[in-house]
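Here the structure is laid out as structure tokens; the discussion comes afterwards.
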Amino acid sequence: MSAFYSKRIASILPYVAGEQPKDRKYVKLNTNENPYPPSPKAEAALHGFDAASLKLYPPLEMRGLREAIARAEGVAPENVFCGNGSDEILAFCFPAFFDEGGAGAAFADVTYSFYPVFCNFFGIPAHILPLNEDFTLDLGALSALPAQGMVVANPNAPTGIGIPLSAIEPFVRENAGRIVILDEAYMPFFGQSAVPLTKTCKNLVVVKTFSKGYALAGMRCGYAIADRELIAGLERCRDSFNSYPVDSVCQAVCAAAIGDADYYRERTAQVISERERLTEQLQKRGFFVLPSAANFVFARHAARGGREVYEGLRARGVLVRHFGVERIREFCRITVGTAAENDALLSALDDLLSR
Ligand SMILES: *Cc1c(COP(=O)(O)O)cnc(C)c1O
3 MSAFYSKRIA
13 SILPYVAGEQ
23 PKDRKYVKLN
33 TNENPYPPSP
43 KAEAALHGFD
53 AASLKLYPPL
63 EMRGLREAIA
73 RAEGVAPENV
83 FCGNGSDEIL
93 AFCFPAFFDE
103 GGAGAAFADV
113 TYSFYPVFCN
123 FFGIPAHILP
133 LNEDFTLDLG
143 ALSALPAQGM
153 VVANPNAPTG
163 IGIPLSAIEP
173 FVRENAGRIV
183 ILDEAYMPFF
193 GQSAVPLTKT
203 CKNLVVVKTF
213 SKGYALAGMR
223 CGYAIADREL
233 IAGLERCRDS
243 FNSYPVDSVC
253 QAVCAAAIGD
263 ADYYRERTAQ
273 VISERERLTE
283 QLQKRGFFVL
293 PSAANFVFAR
303 HAARGGREVY
313 EGLRARGVLV
323 RHFGVERIRE
333 FCRITVGTAA
343 ENDALLSALD
353 DLLSR
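Just so we're on the same page, the working numbering is the position in the sequence shown counted from 1, plus 2.
Right under this line is the structure:
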């Protein structure tokens, strides 16, 4: 550690992303990427992109992209904020809506592990609510915490559990005096987005991404939908770091992607149908599988440990994600792949379990 580090940088614990190994070819089911390619319209936008235009800075207002998102989400472009991945938008949300050393942010103990990293980085106290025994979230208990606001991933990661909109709506309304951030990274696979609530709830920010549902993880684009005043807060934050977080190519490709609803509806249906098959097949092999509303399943074997399953699969060329932390040590998070990838996972498991 360099003596030149600031106290902040010296003391933080950065987020650790899932591995992207190059040592051999893996069946890669560890970072919840979409198993299918992005829409042909997105590909056409990429190939048709005018490279000469790259000499200019990207469109500052991101009009084309924000209009395309607004159309797809049924909101106005002024209610859309775009960022370099939804991780960046979440990184803006924390300093934009929570005070350093203030009342803090409330979220679950088992959820996206970036939230405590942001709290730590920005000096925001974290109120951590343990999920129920069955890994569901008690929204009433979350509201009861004396926090400045709440952050909820819906569907949750890494559990995959979805909270129906009928429960989210009263939760957001009861907390009208506090900020509520909903991380809907996996919402395409659940279909109960809270975006319509942003029209009447001035305390709600819904954060979404092109990475999972739109098969564009490599493009790095996410967006937030909220009341205009909240969007303006995110813009203030962005313009204190980087005025151009979303490049011109990205704007063109993502605008084309989100316009191709038919393509994605079909792909999403395939992922969901494979998710149900994978769940059944894992259960047949002695796994307890949490009910998933996402493009991954979270599963624990009756007799084999989480680490053993992870390492055994890795040795057989299949990558899944294992979190060596309390409560979820015996689980593996398995991304839903194509039918062929899921079959490869299941045969690797059969081999592992037969020893
Ligand atoms: C993948 C993921 C994100 C962020 O994805 P980006 O690629 O940065 O858009 C955000 N939240 C959760 C819960 C995720 O799993």
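All residues carry an ideal CB built from backbone N, CA and C; glycine is no exception.
{"Asked": "Quick check on L92: does DSSP put it in helix, strand or coil?", "Found": "helix"}
{"Asked": "Mind the definition here: the segment 57 to 70 touches the segment 202 to 213 only if three or more C-beta pairs lie below 8 Å; say whether that holds.", "Found": "no"}
{"Asked": "If you measure from each residue's Cβ to the nearest non-hydrogen atom of ligand 1, which ones come out under 5 Å, in chain order?", "Found": "G87, S88, D89, Y114, A155, A159, D185, A187, T211, S213, G224"}
{"Asked": "Quick check on H303: buried or exposed, where buried means 16 or more other Cβ atoms within 10 Å of its Cβ?", "Found": "buried"}
{"Asked": "Assuming A98 and G308 form a contact by the criterion Cβ under 8 Å, report the distance between their Cβ atoms to the nearest whole angstrom.", "Found": "With 8 Å as the limit, A98 and G308 do not qualify as a contact, their Cβ atoms being about 36 Å apart."}
{"Asked": "Measuring straight from C-alpha to C-alpha, what distance separates S245 and A128?", "Found": "29 Å"}
{"Asked": "Could you check where the alpha helix (DSSP H) with A271 kicks off and where it finishes?", "Found": "263 to 286"}
{"Asked": "When we look at the beta-carbon of M189 and count the other beta-carbons within 10 Å, is it buried (16 or more) or exposed?", "Found": "buried"}
{"Asked": "Would you mind giving the Cβ-Cβ distance between A217 and P39, rounded to the nearest angstrom? I have them listed as a contact below 8 Å.", "Found": "6 Å"}
{"Asked": "With DSSP run on the structure shown, which of helix, strand or coil describes R309?", "Found": "helix"}
{"Asked": "Output the distance between the C-alpha atoms of N134 and G164, rounded to the nearest integer angstrom.", "Found": "14 Å"}
{"Asked": "Enumerate in chain order the residues of its own chain whose CB-to-CB distance from T199 is below 7 Å, with the five nearest sequence positions on each side excluded.", "Found": "The question names Thr, but residue 199 is Leu in the sequence shown. Only E171, V174, L206 meet the Cβ criterion."}
{"Asked": "Alpha carbon to alpha carbon, what distance is there between Y117 and P132?", "Found": "14 Å"}
{"Asked": "For M152, which beta-bridge partners are listed by DSSP?", "Found": "A108, V182"}
{"Asked": "Taking the alpha-carbon positions, what's the L321 to A219 distance?", "Found": "18 Å"}
{"Asked": "Would you grab the beta carbon distance between T337 and L31 for me? Rounded to a whole angstrom, and I think it's under 8 Å.", "Found": "4 Å"}
{"Asked": "Give the straight-line distance between the Cα atoms of I11 and Y17, rounded to the nearest whole angstrom.", "Found": "13 Å"}
{"Asked": "Starting from the Cα of L144, find the closest Cα among G261, F124, D111, G314 and give me that residue.", "Found": "D111"}
{"Asked": "Select from A149, F191, F192 the residue whose C-alpha is nearest the C-alpha of G181.", "Found": "For clarity, residue 181 is Ile in the given sequence; the question names Gly instead. Among A149, F191, F192, the Cα nearest to that of I181 belongs to A149."}
{"Asked": "Where does H324 land, buried or exposed, given buried means 16+ other C-beta within 10 angstroms?", "Found": "buried"}
{"Asked": "For I428, which beta-bridge partners are listed by DSSP?", "Found": "Residue 428 lies beyond the range of the chain shown here (3 to 357); nothing can be said about it."}
{"Asked": "Could you tell me how far apart the beta carbons of Y114 and A178 are, in whole angstroms, since I believe they sit closer than 8 Å?", "Found": "About 24 Å; that fails the 8 Å criterion."}
{"Asked": "For the beta strand (DSSP E) that contains V291, what are its first and last residues?", "Found": "289 to 291"}
{"Asked": "On a Cα-Cα basis, can you pick out the residue from S250, R329, Y266, F298 that is closest to S55?", "Found": "S250"}
{"Asked": "One question on the structure: do F96 and I130 come within less than 9 Å of each other, judged by their Cβ atoms?", "Found": "no"}
{"Asked": "Give the DSSP-derived three-state secondary structure of Y117 in the structure shown.", "Found": "helix"}
{"Asked": "When the Cα atoms are used, what is the spatial distance from E21 to N36?", "Found": "16 Å"}
{"Asked": "Please state whether DSSP places C223 in a helix, a strand or coil.", "Found": "coil"}
{"Asked": "Mapping DSSP to helix, strand and coil, what is R323?", "Found": "strand"}
{"Asked": "Cutting at 6 Å between CB atoms, please list the residues of its own chain near G224, excluding the five before and the five after it.", "Found": "G85, G87, S88, I91, T211"}
{"Asked": "At what residues does the beta strand (DSSP E) containing L62 begin and finish?", "Found": "Here L62 belongs to no beta strand (DSSP E), and DSSP marks it neither H nor E."}
{"Asked": "Which whole-angstrom value describes the C-beta separation of F298 and R335, a residue pair presumed to lie in contact below a C-beta threshold of 8 Å?", "Found": "5 Å"}
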